[in-house]
Amino acid sequence: MTEAVAPQVVILTETNVPHQENISYFGNGADEAQMVYNFALPPLVLHSFLTEDARKLTTWASGLSTPSRQTTFFNFLASHDGIGLRPVEAILSEAERKNLVETTKQHGGYVSSKTDPDGGESPYELNINYFDALNDPAGGEPVELQVRRFLSAQAIMLALAGVPGIYIHSLLGSRSAPEEVIRTGHARSINRKKFALHELERDLTDPGSLRSLVLTHFRPLLRCRKRLDAFDPSAPQEILDAPGGVFGLKRTGANDTVYCLHNVSTQPQRLPGQLLPNTPLTDAVTGEVLTREQAAALEPLQTRWLIADR
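Structure below.
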């Protein structure tokens, strides 16, 4: 009916359920939702960086598809709610999901539970700011390394086929606000702190602040995504068979082909040479021109979006 009376309207389903059930809301590609929240993405990306191993993410992403060109995923990592665990029930093992739960608690977050059919309870949602989910606030890591990890995670979300959604607290480099949980009594409030304009302006004009660092590194990624037609929601996507420490994919547009490489580990990584074309490769973010051998070497937590010379 919406296609008949308001063809510009997009139906987007928000169904925080196991992945296979979630994507069933696409229907046959013409009769149900045009867009579906990609709920498995946030916990899978988090798992990849916490374990420094992207193999589960790579396997899952290799199977992503939509039933028609009229449908696409709504990709996100953070929102005003928490990080749902139900979407990865059949993707991550119980031990891997438990690791997400325990790490969230160690990083100062909370875990919401659901009541199971047998009357017991099981973890349903991780309540924590995504920056703090990735980075232990008490871990003592240099802030530059934490920002690099966070932006590499965001780059994965931006590179995947679909439409990206960026929570404003992610764009502006917020951390968890446990005082809001105390004030409201709701675990989700940890990632819903209201901004004070004068504080926001002060932080963003300070080049050394976390907010300024995050936004400064976010902007080039957003400009690249807007400029390159390889990031069109329906542009073909190929997941690369990269080493476990790297999540890689290839996007192909009408005018450009982009190889998106993301080191999820704190160790240098090297890709097999055959994964990249033997042509000059231009880093879309920095403008640096690299040989295949140079491009295949990634520094810890580095992101490279490489435009292949046609």
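Those letters in the sequence shown? Residues 74 to 383, by this note's numbering. Just so it is clear, CB atoms sit at the ideal spot from N, CA and C, and this is done for glycine as well. It should be emphasised that the depicted structure is a prediction, and the values quoted were computed from it without experimental measurement.
According to DSSP, residue i sits in a beta bridge with which residue or residues?
{"i": "V331", "result": "R324, I380"}
{"i": "S186", "result": "P196"}
{"i": "L236", "result": "Note on residue identity: the sequence assigns Val, not Leu, to residue 236. The partner list for V236 (beta bridge, DSSP) reads F147."}
{"i": "V319", "result": "N336"}
{"i": "E311", "result": "K323"}
{"i": "L363", "result": "L354"}
{"i": "M108", "result": "L85, T145"}
Can you look up residue i in the DSSP assignment and give me helix, strand or coil?
{"i": "V358", "result": "coil"}
{"i": "S135", "result": "helix"}
{"i": "R343", "result": "strand"}
{"i": "A113", "result": "coil"}
{"i": "V287", "result": "helix"}
{"i": "A370", "result": "strand"}
{"i": "L165", "result": "coil"}
{"i": "M74", "result": "coil"}
{"i": "I156", "result": "strand"}
{"i": "A260", "result": "helix"}
{"i": "P251", "result": "helix"}
{"i": "I201", "result": "coil"}
{"i": "Q375", "result": "coil"}
{"i": "L231", "result": "helix"}
{"i": "A298", "result": "One detail in the question is off: residue 298 reads as Arg in this sequence, not Ala. Correct three-state label for R298: helix."}
{"i": "H180", "result": "coil"}
{"i": "V220", "result": "helix"}
{"i": "A206", "result": "helix"}
{"i": "A269", "result": "coil"}
{"i": "S282", "result": "coil"}
{"i": "N95", "result": "helix"}
{"i": "N172", "result": "helix"}
{"i": "L123", "result": "helix"}
For residue i and residue j, which I take to be in contact (beta-carbon distance under 8 Å), what is that distance rounded to the nearest angstrom?
{"i": "L233", "j": "A134", "result": "7 Å"}
{"i": "V358", "j": "P306", "result": "That belief does not hold up - the Cβ atoms of V358 and P306 are roughly 21 Å apart, past 8 Å."}
{"i": "A106", "j": "L85", "result": "7 Å"}
{"i": "H242", "j": "N202", "result": "6 Å"}
{"i": "T145", "j": "T139", "result": "6 Å"}
{"i": "F291", "j": "Q219", "result": "No, F291 and Q219 are not in contact; Cβ-Cβ is about 14 Å, not under 8 Å."}
{"i": "L245", "j": "V287", "result": "7 Å"}
Tell whether a beta-carbon distance below 8 Å holds between residue i and residue j.
{"i": "P196", "j": "V161", "result": "no"}
{"i": "D205", "j": "G238", "result": "no"}
{"i": "L165", "j": "L114", "result": "no"}
{"i": "E194", "j": "H120", "result": "no"}
{"i": "G387", "j": "V331", "result": "Only positions 74 to 383 of the chain appear in the structure, and residue 387 is not among them; the question remains open."}
{"i": "F320", "j": "L199", "result": "no"}
{"i": "H335", "j": "I229", "result": "yes"}
{"i": "R365", "j": "L374", "result": "no"}
{"i": "F99", "j": "G235", "result": "no"}
{"i": "V254", "j": "S262", "result": "yes"}
{"i": "L348", "j": "L313", "result": "yes"}
{"i": "N89", "j": "G157", "result": "yes"}
{"i": "D382", "j": "T352", "result": "yes"}
{"i": "L344", "j": "A369", "result": "yes"}
{"i": "L277", "j": "V216", "result": "no"}
{"i": "P341", "j": "E372", "result": "yes"}
{"i": "N95", "j": "V109", "result": "yes"}
{"i": "L322", "j": "E311", "result": "yes"}
{"i": "R377", "j": "D356", "result": "yes"}
Take every Cβ of the stretch 120-128, pair it with every Cβ of the stretch 294-310, and state whether three or more of those distances are shorter than 8 Å.
-> no
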